[in-house]
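Quick note, the sequences are listed as chains A and B, same order.
Going by the working numbering, 215 is the number at position 205 of the first sequence; the sequence numbering is gapless.
Going by the working numbering, 109 is the number at position 104 of the second sequence; the sequence numbering is gapless.
In this text, a Cβ means the ideal position worked out from N, Cα and C, and glycines have one as well.
Everything below concerns the one structure shown next.
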Amino acid sequence: MIEIVGASRWYGQVIGINDVTCSIPTGLTALLGQNGAGKSTLIKLITGQLKPTTGAVSVFGRNPFACSEVLQNIGYCPETDSFYEEMTGRQFVSLMARLSRVPINDLASAVQYALEQVQMVERADTVIASYSKGMRQRIKVAQAIVHDPKLLILDEPLNGLDPLGRRQLMSLMKDYANKGRAIVVSSHILYEVEQMTQHILLLHRGRLLAKGDIREIRALIDQHPHRIRLETENARKIGPRILELDSVLAVQYDRRDPRVLELETAAPEEFYSQLGDLVLAADQEVSHLSSPDNNLESVFGYLVQG
Amino acid sequence: MSDTGAPPIADLSYRNYDGPKSVRGPRWWPIARNGIRLTLRKKAVFWALFAFSWLPYVMIVFQLFISSVTENVRGPERFIDLPKYPEMLSNAYGSWFFVFFIVLLAGAGSIAADNRSNAQQIYLSKAITKRDYLIGKWMSIFLVMFAVVFIPMFSVTCYAAFNLGLGDFMRQYGTLFPKIFVIAAIPATVHACVMLGISAWNKAPTIAGLIYVGIFLAWNLFAQIVAALLHDSLSREMRRTVDYFSIQGSISGLGQNVIGAMPRQFFDRHLPPQLPAWQPLLALAIVACVLGLAAARARIRAVDVVKS
């Protein structure tokens with residue numbers, strides 16, 4: 011559906027993306043990268059808002075730049091708020107539907123469907139100025155889906171949404187992908203992306219660092235020692251027992267907080283499966299468990315070094 | 006315990022619009038329509054300015070009324086030398102004050118508001134081109150301005166035709182009706198182009214409006230000062246042309262040339278002065294329009310591109 015071949019985009023001396031080659035099929039694809047990685051630039055190339063400095067981008071087999079026929083089949087939800095505050099949500103979605111060439115006779119029903127999908131029917135007739143961040147996000151998504159595009163591009167769509175809103179939007183995206191449409195979702199939060207899809211494109215400093223199944227990247231991460239942070243009643247009591255486990259390579263106590271210890275493991279899955287029994291045997295309550303390595307920065311660190 | 010019945014089943018599966026995606030009509034129309042709607046939404050200010058812009062035409066009605074009364078009292082020999090209808094119309098056409106405020110109301114925020122709210126990004130991701138966007142924005146100012154100038158002028162001309170006798174009026178001034186279309190389009194075109202160019206380069210509608218006010222007034226003043234300074238060294242026609250060599254001057258001068266009469270008021274007993282030359286004024290209006298549109302076109306883009 012989307013083919014990108016050797017695409018680079020420079021803003022003067024600043025690089026947006028650098029020699030990116032990939033294809034994006036139907037289904038849900040996540041564009042993962044830290045802030046400034048080039049996600050938004052790639053999205054703007056796909057939505058025809060920018061021309062690549064070198065290379066080529068094709069959507070539905072055509073160059074999307076200023077091409078109405080291609081843009082008619084794309085739904086785009088930008089990261090930033092992009093609307094008139096004095097319009098109501100319904101007016102805004104209607105205007106966007108008109109611009110997307112939805113016939114006037116079908117306009118009201120198409121807008122109503124879109125608003126239903128994002129759970130905004132009740133607040134649709136109040137002005138956007140009164141909307142919360144989450145409501146604005148929903149209206150932006152509604153305008154992107156109102157004309158039933160074949161390709162839906164959502165730039166950080168979960169920003170500002172409450173947990174329920176996130177779940178509803180993820181469910182909407184999955185339903186949409188299951189209908190054979192393509193969805194590209196950008197995010198800088200690994201955890202969020204894992205809940206949505208397995209297929210990712212990983213961008214770092216304008217370069218495509220990895221693409222494919224997120225589980226493979228996870229496996230790659232797991233080849234490196236993995237740090238896990240535990241908060242218990244008494245870290246020194248449970249520490250020796252943890253160190254006895256074959257999967258654990260090292261244990262380190264926190265000098266400032268006697269309840270906290272940090273361990274290093276080469277087999278996190280094995281450690282997690284053993285942790286329950288260990289906690290019961292030590293009769294220690296674990297109040298907090300986290301992995302400092304389980305974030306995007308670590309993924310990039312591993313991929314760049316490894 | 007009362008039985009409230011089962012709650013309605015919410016169908017949350019995705020049901021999207023799957024009809025055709027082509028509508029007749031130009032692609033710029035939704036943008037123009039939205040712009041007009043936003044202007045008309047500023048109800049109190051817009052309608053007040055529109056009402057005030059009728060004042061010069063109310064004066065024409067008054068003059069026509071006086072004319073008919075004195076005719077009845079004293080016969081065809083009137084006690085004052087009333088201006089001819091085209092002179093009255095030319096006078097009213099040159100009254101720019103309230104019309105100019107409507108330009109600011111309709112145009113200052115046209116693109117500036119989109120810049121402020123990043124709306125260009127979302128507009129240009131739809132099935133419209135940059136040209137559609139520009140035409141839509143231009144039309145949203147042009148159509149409002151055209152209506153604001155045309156409606157009172159046409160209404161008063163119709164009144165004048167009936168007041169002065171339809172047959173006589175059509176014989177003498179019949180060509181005024183098509184001319185009204187042209188002269189209403191002149192301020193609408195010039196203001197729409199220049200205002201759009203200024204609006205495109207700003208993020209705050211108020212700043213865009215103030216810049217246009219500054220350019221508009223300063224230019225008018227400058228032209229008049231130059232004409233006064235060169236008073237002795239220029240011919241009468243040239244002096245008049247220099248005096249008109251500004252945005253408002255070109256609009257008024259071209260309009261007066263189309264009407265074929267200079268402004269003359271009720272008690273003004275002097276003969277109307279000579280019309281300014283239309284060629285330099287037309288050239289000035291075209292240059293202003295081209296510059297305005299080029300400035301707007303250069304600034305319209307979905308993304309801010311960092312320059313090296």
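Contact between residue 12(A) and residue 34(A) holds, since their C-beta atoms are separated by about 4 angstroms, short of 8 angstroms.
CA-to-CA, the gap between residue 251(A) and residue 174(A) works out to about 40 angstroms.
Taking a beta-carbon distance threshold of 8 angstroms, residue 35(B) counts as an interface residue toward chain A. According to DSSP, residue 221(A) shares a beta bridge with 211(A). Unbroken beta strand (DSSP E) runs of no fewer than 3 residues, entirely contained in the region 159–189 of chain A, are found at 161–165, following chain order.
Closest in C-alpha terms to residue 160(A), from the list 194(A), 119(A), 122(A) and 282(A), comes 194(A). Each residue's CA atom was taken as its position, placing residue 238(A) and residue 282(A) some 10 angstroms apart.
Its chain contains 189 as the residues whose beta carbon lies nearer than 6 angstroms to that of residue 155(B), once the 5 sequence neighbours on both sides are disregarded; these appear in chain order. Between residue 235(A) and residue 259(A), the CB-CB gap stays under 8 angstroms.
Under the 8 angstroms criterion on CB atoms, residue 39(B) is classed as interfacial with respect to chain A.
Residue 213(A) has its alpha-carbon roughly 20 angstroms from the corresponding atom of residue 69(A).
Residue pairing for residue 21(A): DSSP places it in a beta bridge opposite 24(A). The alpha carbon of residue 198(B) has as its nearest neighbour, out of 291(B), 100(B), 63(B) and 138(B), the alpha carbon of 291(B). Sequence-distant Cβ neighbours of residue 64(A) in its own chain, meaning closer than 6 angstroms and more than five residues away, are 18. Distance between residue 131(A) and residue 113(A), taken at the CA atoms: about 21 angstroms. When the five nearest sequence neighbours on each side are left out, no beta carbon in the same chain lies closer than 6 angstroms to the beta carbon of residue 184(A).
Excluding its 5 nearest sequence neighbours in each direction, residue 66(A) has C-beta neighbours in its own chain below 6 angstroms: 15, listed in chain order.
For a Cβ distance threshold of 9 angstroms, residue set 57, 58, 59, 76 and 81 of chain A lies close to residue 129(B), ordered along the chain. Against chain B, the CB of residue 91(A) has a partner CB under 8 angstroms away; the residue lies at that interface. Proximity of chain B to residue 84(A) at the Cβ level (cut-off 8 angstroms) is accounted for by 130, in chain order.
Secondary structure of residue 271(A) (DSSP, three-state): strand. Taking a contact to require three or more Cβ pairs closer than 8 angstroms, the region 116–128 of chain B and the region 83–91 of chain A qualify as touching. By the neighbour-count criterion, in which a residue is buried when 16 or more other Cβ atoms sit within 10 angstroms of its Cβ, residue 252(B) is buried. For residue 122(B), the chain A residues whose Cβ falls inside 8 angstroms of its Cβ are 91, 92, 93, 94 and 95, in order along the chain. Around residue 241(B), the same chain offers 279 as residues with beta carbons nearer than 7 angstroms, after the five sequence neighbours per side are excluded.
Nearest C-alpha to residue 41(B) among 62(B), 97(B), 153(B) and 57(B): 153(B). By the criterion of at least three beta-carbon pairs nearer than 8 angstroms, the region 46–54 of chain A is not in contact with the region 74–85 of chain A. Runs of the beta strand (DSSP E) lying entirely within the region 95–165 of chain A and spanning at least 3 residues, in chain order: 161–165. Residue contact with chain B for residue 62(A): absent (no Cβ-Cβ distance below 8 angstroms to any residue of chain B). Per DSSP, the continuous beta strand (DSSP E) segment holding residue 241(A) begins and ends at 236–242.
Here residue 280(A) carries a helix assignment [DSSP, helix/strand/coil]. In the pairwise beta carbon analysis, the region 32–40 of chain B is classified as touching the region 104–111 of chain A: at least three pairs are separated by under 8 angstroms.
Residues of the same chain with a CB within less than 6 angstroms of the CB of residue 266(B), apart from the 5 flanking positions on each side, are 91, 92 and 95 in chain order. Under the Cβ distance rule, residue 213(A) does not count among the residues neighbouring chain B, no pair being separated by less than 8 angstroms. Nearest neighbour of residue 301(A) by Cα position, chosen from 280(A), 288(A) and 273(A), turns out to be 273(A). Here the alpha carbons of residue 157(B) and residue 64(B) stand approximately 12 angstroms from one another.
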